[in-house]
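Going by the working numbering, 719 is the number at position 2 of the sequence shown; the sequence numbering is gapless. Using N, Cα and C, we set each Cβ at its ideal position, and we do this for glycine too. So the structure is just underneath, and the comments pick up after that.
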Amino acid sequence: MNLDKLMSQHLTRAFDASKTIPEETLQQLLSFLRSTPTSVNIQPNHFYVLATAEGKKQLADNLGERFQDNSEKILNASHTVILTTRADVPDSHLEEVFNKEDADGRFPDPAKRALWQFMTRDFLNLRNYGYKDLNHWMEKQTYMALGMTMMAAAELGVDATPLEGFDPTSVDKAFKIRETGHTTTVLLALGYPDPAKAYGSPISRFEADRLFTFV
Ligand SMILES: Cc1cc2nc3c(=O)[nH]c(=O)nc-3n(C[C@H](O)[C@H](O)[C@H](O)COP(=O)(O)O)c2cc1C
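Here is the structure:
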C-alpha cells in the first residue's frame, strides 16, 4: 500500500464507467469486508452489493431529491455497496451469532463460551438501557468496516468513495431494507477514477500541531 499516494489523494468523485472490478478482486474485497471485526462480535450488518446497471440505477434513482449529485458517481462506479445496520438486536439475532460461533468452534471450552455469552448480553444491556445508544453503537461498527474496506480497496488498486449524500428512508424503501430489520447507514462506491475528471488541487487538512496532542 502506497501511503504517500493515499495521503495526497482526493477521494474519487468521478469514476470511469468503462472499467469493471475483476471478479476475483471483488471477491477478495468482499471476503475482507466479511472478516472485519465488530464489538462483542455483534455483526449488525447486511451489505447490498450493486453489481449490475439495473441495481446501480435503482439506487441512483432513489437517493432523494437533495442528493442527485451522487447519482452519476453511483452509475459510473463499477460497484456500489449499501452498508446497512440492524435497527435493534432481537434475541433471534443474538442466537444466530452464538450458533455461528459454536459452528465455527470459537469457544471449545463450554465455561468460556457461557462467560462470553453472559458478557455479550450484559454489554448489550448496558448499550440498550445504560448508554441508550444501541443503534448509534452499531452504526459505529459499520463505519469501522467502511474505513477498513476503503483501505483494503486501496491495497487492491481499487478506488473507494464513501457516500453519505442520500436519504436513508428513500433507499430503505427502494430495496425493502427495513423489512429485514436493518436501515441504510452509508454507501461505498467502488471502481476506477476517470483521469480526465481528477482534481489537480492539493488536499486540505489541519496541520499536525492542530491535530495531535502528545502527553
Ligand atoms: C463518510 C464520508 C462521506 C462522504 N460523502 C460524500 C458524498 O455523499 N458525496 C461526495 O461527493 N463526497 C462525499 N465524501 C467526500 C468528502 O466530501 C471529501 O472526502 C472531503 O470533502 C475532503 O475532500 P478530498 O477527499 O478531496 O480531500 C464523503 C467522505 C466521507 C469520509
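Worksheet entry | Beta carbon of L767 nearer than 8 Å to that of H796 | Here residue 767 refers to the residue found at position 50 when the sequence shown is read from its first residue. Here residue 796 refers to the residue found at position 79 when the sequence shown is read from its first residue. Yes, Cβ-Cβ distance for L767 and H796 is below 8 Å.
Discussion item. For ligand 1, I want to know if R783 counts as a neighbour, meaning its beta carbon is within less than 7 Å of at least one of the ligand's heavy atoms.
Written reply: Counting from one through the sequence shown, the residue named residue 783 turns up at place 66. False, no ligand heavy atom lies under 7 Å from that Cβ.
Worksheet item: What first and last residue would you give for the beta strand (DSSP E) that runs through I759?
Response: Position 42 of the sequence shown, counted from the start, is the residue given in the question as residue 759. Careful: I759 lies outside any beta strand (DSSP E) and carries neither H nor E.
Worksheet entry | Through-space distance from L880 to S887, alpha-carbon basis | In the sequence shown, counting from the first residue as 1, residue 887 sits at position 170. In the sequence shown, counting from the first residue as 1, residue 880 sits at position 163. Near 15 Å, if we compare the C-alpha coordinates of L880 and S887.
Worksheet item: Which first and last residues belong to the beta strand (DSSP E) in which V903 is found?
Response: In the sequence shown, counting from the first residue as 1, residue 903 sits at position 186. Segment H899 to G908, the beta strand (DSSP E) holding V903.
Fill in: Burial state of K849 (16 or more Cβ within 10 Å)
Within the sequence shown, numbered from 1, the residue matching residue 849 stands at position 132. Answer is exposed; the Cβ neighbour count stays below 16.
Item to complete: For L851, collect the residues of the same chain with a Cβ closer than 6 Å to its Cβ; drop the 5 residues on either side in sequence, then sort them by chain order.
Response: Stepping through the sequence shown from its first residue, residue 851 is reached at position 134. If we look at L851 and ignore the five residues flanking it on each side, its Cβ neighbours are R844 and N845.
Discussion item. Runs of 3 residues minimum, wholly inside the stretch 760-824: which ones carry the beta strand (DSSP E) assignment?
Written reply: 762-767 and 796-803
Discussion item. With three or more C-beta pairs closer than 8 Å as the rule, is the stretch 780-797 touching the stretch 904-922?
Written reply: yes
Discussion item. Which residue wins for smallest C-alpha separation from D876, given the options S921, T900 and D911?
Written reply: Numbered from its first residue, the sequence shown carries residue 876 at position 159. When each option's Cα is compared against that of D876, the closest is D911.
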